[in-house]
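Here's the structure we're looking at; comments come further down.
2 protein chains.
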Amino acid sequence: MVRLTTTSYVVLGLLGLRGPSTSYDLKRAVGHSVGYFWPFPHAQLYSEPRRLAEAGLLDVTTENGGRRRQTFSLTEEGRRALQEWLAVPETEPMQVRDVAELKLFFSELASDEDILSLAREQVRQHQERLTTYESMQERFGSVDSLASRLIPLELGIAMERAALEFWQNLAARMEQPDQPRGAAE
Amino acid sequence: MVRLTTTSYVVLGLLGLRGPSTSYDLKRAVGHSVGYFWPFPHAQLYSEPRRLAEAGLLDVTTENGGRRRQTFSLTEEGRRALQEWLAVPETEPMQVRDVAELKLFFSELASDEDILSLAREQVRQHQERLTTYESMQERFGSVDSLASRLIPLELGIAMERAALEFWQNLAARMEQPDQPRGAAE
DNA sequence: GGTCACATAGTATGAAACATAACGTCCGTA
DNA sequence: TACGGACGTTATGTTTCATACTATGTGACC
């Protein structure tokens, strides 16, 4: 039995939401949905379905005639695996990977100016992403069938807002260096 | 010239903060610092310093006599590489990887009960982590020399709080299903 | 003084993830 | 018909990750 990773479940899940799809379909679907909060390289959307098909979780239909392309769809077993996964309340902790945060951790080794411009750049970046997310919410918010797919976006927005506030705050603190120092406050 | 990855800079940075250290020292240091927000397996703390040493960014001192152990320290070149990295205002976007969020994205395929218990479990998890982080902040907050190292923790706390609120909110919404539906709100 | 548990210290291995480049095919248009 | 560009797919090498294994020193207790 193959090991199912998170990648596997993304593929299974997308096939569950969309019905039978080719790798290319999945690639595009990822591009404007999960891709926003769980990025992965398109090459995996070709190799992973093959793995899953070998494991009996997907069916493959090869269209011969014209361009070679394979359509994947969930087997009963695949659907079951997906549902079992969904039914387990996740305990894997959320992970935040942020290179800027790392640089901040090492800030003792950098100059104050470096850290200040880091903070300012982060403010810009987070503002921009927040705008993007919020406009996505507006654009798709009216499409009723997509409503539940937009809920995770709320979380993304909340995270962006939290990060934005943090960096704004930090920049502000650094701009008036006559303040009391220390991390707690 | 070797490619320097984020992992490389974590090693360089830790050596910068701590001074000459063995892989094992680094491993422990990671355990109670960066490891909280940038986890990686200890095996890399053995292989990565070797790579960096070969590239001339680290010096190696082998203690012969007793247990074999190697102490690594920054070379001038290593310190320079680190400082150059720190001086670049990061544009790499923050990444949040949260399997629970993924499950939520696929929630159309799951039952309401599944999602509700997912949300409740998330609330528990985030509450717990928030408590851990806050107690860390208290414990180390008084140690003046560590103050700047605690700043990233604030960000971690802010993120945890945002996530906690989101899941609490979601759970609350689901517990009274007579509410108006939709993602925006 | 032996042996047990435990912290210390390092290595090995294989799978999965990631980035990127290269490859091929179809279609419109000039 | 030849070219550019969008459409699809594969290949490749590296990095990361997880896990298990090996081995050494230390103190405690019998």
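In order, the protein sequence lines correspond to chains H and R. Numbered according to the working numbering, the first sequence spans residues 678 to 862. Numbered according to the working numbering, the second sequence spans residues 678 to 862. Ideal Cβ positions, reconstructed from N, Cα and C, are used throughout, including at glycine. Source: prediction; values computed, not measured.
Going along the chain, which residues of its own chain have a beta-carbon closer than 7 Å to the beta-carbon of residue i, five neighbours each way excluded?
i                       : result
tyrosine 810 of chain R : Leu830, Gly833, Ile834, Glu837
arginine 858 of chain R : Any reading at arginine 858 of chain R must be qualified, since the residue scores a pLDDT of 49, below 50, and its modelled position is unreliable; the value itself is stated next. Correct list: empty, nothing qualifies.
alanine 860 of chain R  : At alanine 860 of chain R the pLDDT is 48, less than 50, meaning the model places this residue with poor confidence and gives no usable figure here.
When the Cα atoms are used, what is the spatial distance from residue i to residue j?
i                            : j                         : result
tyrosine 701 of chain H      : alanine 764 of chain H    : 28 Å
serine 685 of chain H        : threonine 738 of chain H  : 19 Å
phenylalanine 817 of chain R : glycine 733 of chain R    : 35 Å
glutamate 725 of chain H     : isoleucine 828 of chain R : 40 Å
arginine 680 of chain H      : alanine 730 of chain H    : 13 Å
serine 794 of chain H        : arginine 757 of chain H   : 50 Å
leucine 691 of chain H       : leucine 781 of chain R    : 13 Å
serine 812 of chain H        : glutamine 804 of chain H  : 12 Å
alanine 720 of chain H       : serine 825 of chain H     : 28 Å
threonine 808 of chain R     : leucine 841 of chain R    : 12 Å
glutamine 760 of chain H     : proline 718 of chain H    : 25 Å
alanine 848 of chain H       : histidine 709 of chain H  : 32 Å
proline 770 of chain H       : arginine 850 of chain R   : 23 Å
valine 800 of chain R        : arginine 727 of chain R   : 42 Å
glycine 696 of chain R       : threonine 748 of chain R  : 10 Å
glutamate 753 of chain R     : valine 711 of chain R     : 24 Å
serine 788 of chain H        : alanine 796 of chain H    : 13 Å
glutamine 853 of chain H     : glutamate 790 of chain H  : 13 Å
tyrosine 713 of chain R      : glycine 755 of chain R    : 25 Å
For residue i, which residues in the same chain have their Cβ closer than 6 Å to its Cβ, ignoring the five residues on either side in sequence?
i                            : result
isoleucine 792 of chain H    : Ser784
valine 820 of chain R        : none
tryptophan 762 of chain H    : Tyr686
phenylalanine 843 of chain R : none
How about residue i and residue j: are their beta carbons less than 7 Å apart?
i                        : j                         : result
glutamate 815 of chain R : proline 766 of chain H    : no
leucine 689 of chain H   : leucine 703 of chain H    : no
threonine 682 of chain R : valine 776 of chain H     : no
arginine 839 of chain R  : alanine 839 of chain H    : According to the sequence provided, residue 839 of chain R is alanine. The question's arginine does not apply to it. The answer is yes: Cβ separation under 7 Å.
leucine 779 of chain H   : tryptophan 715 of chain R : yes
glutamine 772 of chain H : arginine 806 of chain R   : no
Could you give the first and the last residue of the continuous beta strand (DSSP E) run that contains residue i?
i                        : result
threonine 809 of chain H : Where threonine 809 of chain H is concerned, there is no enclosing beta strand (DSSP E), although the alpha helix (DSSP H) it sits in stretches over 789-818.
threonine 739 of chain R : 735-740
serine 710 of chain R    : That residue, serine 710 of chain R, is in no beta strand (DSSP E); it is neither H nor E in DSSP.
threonine 748 of chain R : 746-751
Can you tell me the Cβ-Cβ gap for residue i and residue j, rounded? I've got them flagged as a contact below 8 Å.
i                        : j                        : result
threonine 768 of chain R : glutamine 802 of chain H : 7 Å
leucine 694 of chain R   : leucine 786 of chain H   : 7 Å
Taking the alpha helix (DSSP H) that residue i falls in, what are its first and last residues?
i                       : result
arginine 826 of chain H : 824-852
leucine 779 of chain R  : 776-782
arginine 695 of chain R : 683-695
proline 726 of chain R  : 721-731
In its own chain, which residues sit with a C-beta less than 8 Å from the C-beta of residue i, not counting the 5 before and 5 after it?
i                        : result
serine 822 of chain R    : none
glutamate 862 of chain H : Legend: pLDDT at glutamate 862 of chain H = 41, less than 50; position of this residue unreliable, value from coordinates given subsequently. Cβ neighbours of glutamate 862 of chain H beyond the five flanking positions: none.
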